[in-house]
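**Student:** Before I ask anything, let me first share the structure, which is written out below as structure tokens.
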Amino acid sequence: MSLTIFTVAMLFILGAAVGSFTSVVIYRLHTKESGILRGRSKCPHCQTKLKPLDLIPIASYLMLRGRCRKCSGEISYMYPLLEFVTGSLFALMFFKFPFINDALQFSMDNLGMYLLFAFYIFVLVFTFFYDFHYMQVSDEILLPAILIALVATLAAPMAPSLKEALFGAAMALVFFGFQILVSKGRWLGAGDLRIGAFMGIILGWKFFLVSLFISYLFGSVVAIAIGLKKKKFENVKIPFAPILVTGTFITIFFGDAILKWYLTGILGF
């Protein structure tokens, strides 16, 4: 087995574990339950505290066939899905920032960027599933993340510059703020404004525009699909944070290619 394959496999396992932790954070922040770091996980049906064998990311769900070991209560498929998504993103991010190769060449710059974007993955995945479940955005995670992302623009070698990050955040505040004011909060909420600011900081203004285009295109498709299913298009409401997060991830991985295609293929630059 090559070192690259081994590293990617280990990062997937690490990401799945982070995903499992993320599900705990989502539940306990929403319910205001204490003990995020030290509290024991328990079955939501019978309140039985889970054993280590019940907490193996993805594998435990498959072994238990989606049921509690004691009461046979159904376990939501969202738990293994969150773990799989986070693990996959951790693995894929290695190909964007490969910090070691089969020749044992090591890059500290890429490692630093990988760790930074691993943190961004946690924030974005948390935001996606929190809003998907509760139609809310949690400031307990997002506001500290915005501050950390701003500091990263000063320290991380391949992050957007502070000027690009601030310009991206300003664009988000103006763009989303205008929609909130015009619609009086019917189209977007204040939480979407803060997500937009985070997107602008971590992507910089150029790629923030790319992510906006992707997000609104994807959001339109989702809204049309829901409207067709419900056979009505008035007052169709969808959690918008997952749409923005999806656009952000697509931009992180494919933004360079999309921007190049647009500038050369469409505009002819």
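Sequential numbering from 980 applies to the sequence shown in the working numbering.
Every residue gets a Cβ at the ideal spot worked out from N, C-alpha and C, and that includes glycine.
#1: Here's a check: name, in chain order, each residue in its chain whose Cβ is nearer than 6 Å to the Cβ of M1137, leaving out the five neighbours to either side.
#2: Do P1023 and Y1040 count as a contact pair if the criterion is CB distance below 8 Å?
#3: Can you have a look at V1200 and say buried or exposed, based on whether 16 or more other CB atoms are within 10 angstroms of its CB?
#4: Report the rounded CA-to-CA distance for F1000 versus D1110, giving the unit in angstroms.
#5: Using beta-carbon positions only, say whether M1057 and F1108 come within less than 8 Å of one another.
#6: Give the straight-line distance between the Cα atoms of S1020 and K1028, rounded to the nearest whole angstrom.
#7: According to DSSP, simplified to helix, strand and coil, what is R1046?
#8: Within 10 angstroms of its Cβ, does G1175 collect 16 or more other Cβ (buried), or is it exposed?
#9: Excluding sequence positions up to five away, which residues of its chain have a Cβ less than 8 Å from the Cβ of L1071?
#10: Could you check how far apart the C-beta atoms of A1151 and M1178 are, in whole angstroms? I think they sit under 8 Å.
#11: Reducing DSSP to helix, strand and coil, say where F1085 ends up.
**Tutor:** So, from the listed chains and residues:
#1: M1092
#2: no
#3: exposed
#4: 17 Å
#5: yes
#6: 6 Å
#7: strand
#8: That one is buried.
#9: F1232
#10: 6 Å
#11: strand
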